[in-house]
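Notes follow once the structure below has been shown.
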Amino acid sequence: MQPTKRAPGWWHSRPVILAVLGALAVAVLAGCGAVDTPQTTLFPRSDNNQVINDLYAPLTWLAIVIFVLVQGLLLYSVFRFRARRGDDSIPPQIHGNTRLEIAWTLAPSIVVVIMLLLTYQAMAKIEADPPPDALHVRVVGHQWWWEVHYPDLDVVTANEIHIPIDRPVYFELESDDVIHSFWVPRLMGKRDLMPGSTNTIWFTPQEEGLFAGHCAEYCGTAHAQMRFHVVVESEIAFDNWVEKQRQPAEEMTGDAALGAELFVSRACVTCHTIRGTDAIGTIGPDITHVGSRVYIAGGILENSPENVTLWLSDPQGVKPGNEMILPLPLSSEDIRLLTEYVRALK
Amino acid sequence: MATVADVRTQERVSTGAAIWSWVTTIDHKRIGVLYFVTSLIYFIVAGFEALLIRLQLATPEGQLLDSDTYNQLFTMHGTAMVFMVAMPMAAAFFNFLIPLMIGARDVAFPRLNAFSYWTFLGGSLLMHSSFLFGQAPDGGWFGYANLTSKEYSPGLSIDFWGLGLLVLGVASVAAALNFIITIINLRAPGMTLMRMPVFVWMTFVTSFLIIFAFPAITAALIFLEFDRLFGTNFYEVAEGGDPMLWQHLFWVFGHPEVYILVLPGFGIASEILPTFSRKPIFGYSAMVFAAVSIGFLGFSVWAHHMFTTGMGTIADAAFAGSTMLIAIPTGIKMFNWVATCFGGRISFTTPMLFALGFLTTFLIGGLTGPMLAAVPLDLHFQDSYFVVGHFHYVLFGGLILALMGGVYYWFPKITGRMMDERIGKWHFWIMFAGMNLTFFPMHFVGLDGMPRRVGTYAAGMGWDFWNMFITVSAFLIGVSILVFLWNLVASYVKGVPAGNDPWDARTLEWAIPSPPPEHNFDEIPHITHRDQVWFDKYGDGHGDAAQLRKTSAAVAEPAEDSDEEHEVHMPDPSYWPLLVSAGLTIAAAGLMIHIAVSVFGVAWTIISVYAWSLEPASTPPEEH
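Written out as structure tokens, the structure is:
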């Protein structure tokens with residue numbers, strides 16, 4: 505982990521929050537506290553996500569205090585007043601106590617007001633308008649992948665969103681088919697992608713790295729495999745990336761060139777765009793620079809020659825239900841050439 | 002699980018006649034038993050689905066189920082648990098107990114009551130028959146538009162779901178009206194509203210929630226089926242429709258539905274706790290008004306299920322506020338339950354253990370509720386495993402544990418035999434441990450970013466350990482269900498005879514024999530006090546215990562030697578309710594087959610309703 509911009513207080517740390525959620529957790533977490541959790545909500549790495557995270561501690565503590573109090577009272581009552589063997593006496597028949605009842609109407613009311621004030625305070629921050637200099641990214645959800653546009657930068661990509669560190673980023677979220685939800689737990693809470701309207705969300709990333717995201721609204725067969733990644737990088741690295749993404753695909757040589765010919769002569773072009781070639785399909789993702797991505801197939805396979813081969817051999821086996829349905833199985837030679845080509849689309 | 006007396010007096014009757022007597026029964030007690038057995042079967046089915054889900058999720062990249070099957074299983078698990086387990090099992094208790102608790106001989110409309118049961122059976126069978134065609138619903142129990150449109154869900158799966166739910170809705174609304182009218186009109190003389198047992202109050206409030214909430218989902222489902230069957234555009238974005246319309250209508254129903262599910266649990270706990278504390282419920286009127294205000298507030302919070310849809314700051318803030326307000330009446334109830342135990346003579350019987358388990362787990366589910374209502378936190382919790390953990394605490398903890406307690410508590414009244422206490426305690430502790438070990442860690446994987454409704458997940462996300470842990474724990478719940486079923490059967494066959502009042506309890510049903518005779522009360526009791534039976538035994542509680550005991554001789558003696566003057570005329574059995582239900586189910590199913598079948602079903606329904614209304618309620622006694 506790189507150092508955070510803002511050191512969280514001890515009460516924010518993941519072990520503490522989990523531990524206070526239950527003694528059980530403490531025992532087991534001690535054994536596996538080192539487990540990496542790339543999608544955890546507990547290590548925020550953006551300003552707005554930190555605001556959300558700051559709300560965890562007070563609300564969790566309130567809940568714990570109330571639980572201990574009420575549960576303590578209950579356990580005390582039932583053990584203190586348990587019937588002794590042979591005692592069939594009848595206790596005083598108390599029907600109520602107005603003062604007590606008023607007290608325990610007021611107590612939860614006060615807790616509710618506190619919780620609401622904390623909630624509204626945090627909402628005011630994260631639901632504010634984004635700063636005017638925010639980077640503008642448009643994300644369109646598809647069953648089951650993500651189309652990514654940078655309208656001001658003339659960049660189109662898919663499933664992997666690059667953003668520079670320390671600059672606010674403003675997402676416009678839309679859907680081409682059903683409802684999806686955009687969730688990168690370490691960077692921000694989720695926001696749905698609604699067909700027919702545009703949703704927005706913004707935050708300022710505060711740490712470089714690769715952050716895992718997942719569709720969080722059930723969207724059909726392959727919902728479980730609708731993943732994506734956000735790459736937070738330095739301003740310079742981001743500018744370089746943008747420059748590269750704006751270029752059409754390079755001229756290919758050797759096996760990759762053969763693969764390129766294969767690509768345009770087969771059904772691939774009906775769905776995919778590779779700028780600078782005859783492939784201008786729009787059903788599937790733009791893969792002009794797919795070779796530069798860390799993951800393929802909607803964020804589920806690391807981009808390695810073996811995985812590209814696996815994907816081209818059996819897309820329905822890897823991600824059942826997705827729209828990449830090969831009219832005819834590819835020969836192993838075709839797959840080898842296409843793999844070369846796809847890998848070369850840097 | 003017929004009432005013992007019924008089955009045993011009919012021992013010499015042929016099997017056919019015995020079955021016929023159940024098919025045509027309009028006795029609220031027998032209908033209650035039918036509801037119970039049916040919902041228990043669905044409980045086992047939906048529980049089995051849950052175990053399959055857990056097996057698939059035990060390890061990353063699980064290979065047991067393909068994604069379509071997985072999606073069908075979580076859809077049917079949720080739908081069945083809500084509509085075919087929780088609601089009808091609560092209805093089983095309403096049916097059996099409400100007339101007994103208010104001193105009535107049956108519900109207001111006994112044949113309508115039978116109709117409710119058969120319609121519930123018809124709707125649930127219609128939906129489950131989808132498995133036979135490999136078309137089980139797969140849109141989630143919440144069935145969000147536009148995933149459920151013909152374009153994204155071709156085939157019949159969503160139609161099985163939508164039409165099945167529409168039929169189930171008819172059953173629920175008919176039953177709710179029946180209970181409202183029963184409670185308003187059939188209370189024994191002297192039983193004012195504020196003398197009713199808390200369970201009756203909870204039934205009353207629940208029934209109102211049903212009749213106000215179900216129209217919303219009915220409209221939503223009719224829009225959906227019109228879109229799918231007749232090409233209308235309620236949810237079709239391209240044609241100007243709006244999937245948000247579904248979400249609003251669904252949750253206007255869906256959130257009150259949560260209270261429809263848990264209020265019966267509140268009611269059951271509110272009967273068990275006083276009995277085994279030997280004290281009246283603490284703060285009776287506060288308990289009643291808290292439930293009523295939960296019912297009201299429950300209709301003003303629906304959009305807290307939609308914080309991530311981008312409704313805007315004002316709407317988010319308003320719904321966060323109204324949602325948190327519910328913590329106040331819920332808190333009042335919680336404190337009153339604790340105060341009911343305080344100062345009592347607590348005996349740790351199995352029903353009491355379940356009631357205390359209910360208080361504990363419902364408290365946890367109730368405390369994560371306001372956390373979810375905090376909009377910023379909900380942006381993470383929504384559709385993550387955190388929320389799965391939360392609502393299983395509310396529904397398993399708040400309802401299933403209470404229902405289990407209710408079964409142990411009233412089984413003696415229903416069958417005339419006690420359930421085995423030793424096995425019962427094993428059942429409780431295994432189930433209590435199992436449910437906490439299953440559902441508590443779900444909060445952890447949720448905080449660690451695991452989304453819900455995923456049939457597979459990658460290794461290396463930090464979720465492996467807890468998922469395996471949850472799966473193993475889920476089987477503990479499965480074991481506890483086996484123990485329960487064993488106890489149920491064994492106790493039914495050879496349980497200790499119960500007598501009228503085995504728990505030294507407080508409400509009217511304990512003054513009559515176990516199982517109750519068909520007409521319940523030889524003479525309709527006169528009510529002078531809340532907890533009438535306790536009062537009859539021990540007086541009003543002023544004065545010392547010794548004195549109290551003296552008055553116990555004053556237990557209301559049922560007129561043992563009731564002569565001809567007290568002969569009670571009960572309405573006759575009828576098969577028309579079943580036929581009307583069958584007609585409705587055929588009409589609904591016909592929409593998936595051919596419109597002619599539907600027309601036939603509607604005609605069948607109309608004819609049956611006509612015949613039903615011409616049938617006399619009972620054969621007139623000859624001397625009249």
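Protein chains in written order, with the working numbering: chain H, 505 to 850; chain S, 2 to 625.
All C-beta atoms, glycine included, are put in the ideal place defined by N, C-alpha and C.
Mind checking residue i: buried by the 16 CB within 10 Å criterion, or exposed?
i	result
H:L832	exposed
S:L615	exposed
S:G450	buried
S:G313	exposed
H:V643	buried
H:S852	With chain H running from 505 to 850 in the structure shown, residue 852 of chain H is simply not present.
H:W515	Reliability fails at H:W515, whose pLDDT of 49 lies under 50, so the model's placement of it is uncertain and no value is given.
S:F231	exposed
S:L41	buried
S:D537	buried
S:A554	At S:A554, the pLDDT of 39 sits below 50, so the modelled position is not reliable; the number obtained from the coordinates is stated separately. Under this definition S:A554 is an exposed residue.
S:Y260	buried
S:G156	exposed
S:S286	exposed
S:Q548	Because S:Q548 sits at a pLDDT of 45, beneath the cut-off of 50, its placement in the model cannot be relied upon, and the following sentence gives the value as read from the coordinates. S:Q548 should be labelled exposed.
H:P507	Its pLDDT being 42, under 50, H:P507 is placed unreliably by the model, and the measurement read from it follows with that caveat. The residue in question, H:P507, is exposed, as its Cβ has fewer than 16 Cβ neighbours within 10 Å.
S:P111	buried
H:D782	exposed
S:T149	buried
Just list the residues that DSSP pairs residue i with in beta bridges.
i	result
H:H656	The residue asked about is misnamed: residue 656 of chain H is Asp in this sequence, not His. BP columns for H:D656 are empty, so no partner.
H:M500	One cannot answer for residue 500 of chain H here, as it falls past the ends of chain H, which runs 505 to 850.
H:C719	H:F686
H:L639	H:V673
H:F732	H:G717
H:L697	H:H684
H:R586	S:I347
H:E651	H:V644 and H:A662
H:F707	H:V673
H:D790	H:T777
S:P413	In DSSP, S:P413 forms no bridge with anything.
S:S385	S:P452
H:E737	H:P668
Considering only heavy atoms of the ligand FAD, does any lie closer than 6 Å to the CB of residue i?
i	result
S:A291	This structure lacks the ligand FAD, and indeed carries no ligand of any kind.
Could you tell me how far apart the beta carbons of residue i and residue j are, in whole angstroms, since I believe they sit closer than 8 Å?
i	j	result
H:K694	H:A720	5 Å
S:M85	S:Y43	4 Å
S:I27	S:P518	The Cβ separation is near 16 Å, so there is no contact.
S:A105	S:L187	4 Å
S:T120	S:V46	Contact flag wrong, Cβ pair sits at about 19 Å.
S:L509	S:V473	That belief does not hold up - the Cβ atoms of S:L509 and S:V473 are roughly 45 Å apart, past 8 Å.
H:R690	H:R549	5 Å
S:Q73	S:P138	7 Å
H:A662	H:P809	About 20 Å; that fails the 8 Å criterion.
S:H393	S:F440	4 Å
S:A374	S:Y236	Between S:Y236 and S:A374 the Cβ distance is about 27 Å, and since that is not below 8 Å, they are no contact.
(request) May I ask you to verify whether the stretch 347 to 356 of chain S touches the stretch 596 to 609 of chain H, counting CB pairs closer than 8 Å and requiring at least 3? (result) no
(message) Pairs of beta-carbons, one from the stretch 274 to 281 of chain S and one from the stretch 335 to 348 of chain S, closer than 8 Å: are there three or more?
(response) A contact exists between the stretch 274 to 281 of chain S and the stretch 335 to 348 of chain S.
(request) Could you please tell me which residues of the stretch 694 to 712 of chain H, in chain order, have their CB closer than 9 Å to any CB of chain S? (result) K694, R695, D696, M698, P699, G700, S701, T702, N703, T704 and I705
(message) Give me the subset of the stretch 715 to 727 of chain H whose CB atoms are less than 9 Å from a CB atom of chain S, sorted by chain position.
(response) A716, H718, C719, A720, E721, Y722, C723, G724, T725, A726 and H727
(request) Residues of the stretch 345 to 379 of chain S with a CB closer than 8 Å to any CB of chain H: list them in chain order, please. (result) G345, R346, I347, S348, F349, L357, L360, T361, L364, I365, L368, T369, P371, M372, A374, A375, V376, P377, L378 and D379
(message) So if I threshold CB-CB distances at 8 Å, which residues from the stretch 382 to 407 of chain S count as touching chain H?
(response) Q383, D384 and S385
(message) To be precise: take each residue of the stretch 501 to 520 of chain S, compare its Cβ to all Cβ atoms of chain H, and keep it if any distance is under 9 Å. Which residues remain?
(response) Those would be D505, in chain order.
(request) Select from the stretch 452 to 466 of chain S all residues with a C-beta closer than 9 Å to any C-beta belonging to chain H, and list them in chain order. (result) P452, R453, R454, V455, G456, T457, Y458, A459, G461, M462, G463, W464, D465 and F466
(message) Which residues of the stretch 45 to 70 of chain S have a Cβ closer than 9 Å to any Cβ of chain H? Give them in chain order.
(response) Within the stretch 45 to 70 of chain S, the residues whose Cβ lies closer than 9 Å to some Cβ of chain H are D67, S68 and D69, listed in chain order.
(request) With 8 Å as the C-beta to C-beta threshold (strictly closer), list the residues of the stretch 540 to 558 of chain H near chain S in chain order. (result) Those would be D540, T541, P542, Q543, T544, T545, L546, V555 and I556, in chain order.
(request) Decide if the stretch 296 to 308 of chain S is in contact with the stretch 577 to 588 of chain H; the criterion is three or more beta carbon pairs, one per stretch, under 8 Å apart. (result) no
(request) Pair every Cβ in the stretch 599 to 615 of chain S with every Cβ in the stretch 575 to 587 of chain S, then say whether three or more of these pairs are closer than 8 Å. (result) Yes, the stretch 599 to 615 of chain S is in contact with the stretch 575 to 587 of chain S.
(message) Three Cβ pairs or more, each shorter than 8 Å: is that satisfied between the stretch 627 to 642 of chain H and the stretch 653 to 662 of chain H?
(response) yes
(message) Does the contact criterion of 3 or more C-beta pairs under 8 Å hold for the stretch 124 to 131 of chain S versus the stretch 200 to 218 of chain S?
(response) no
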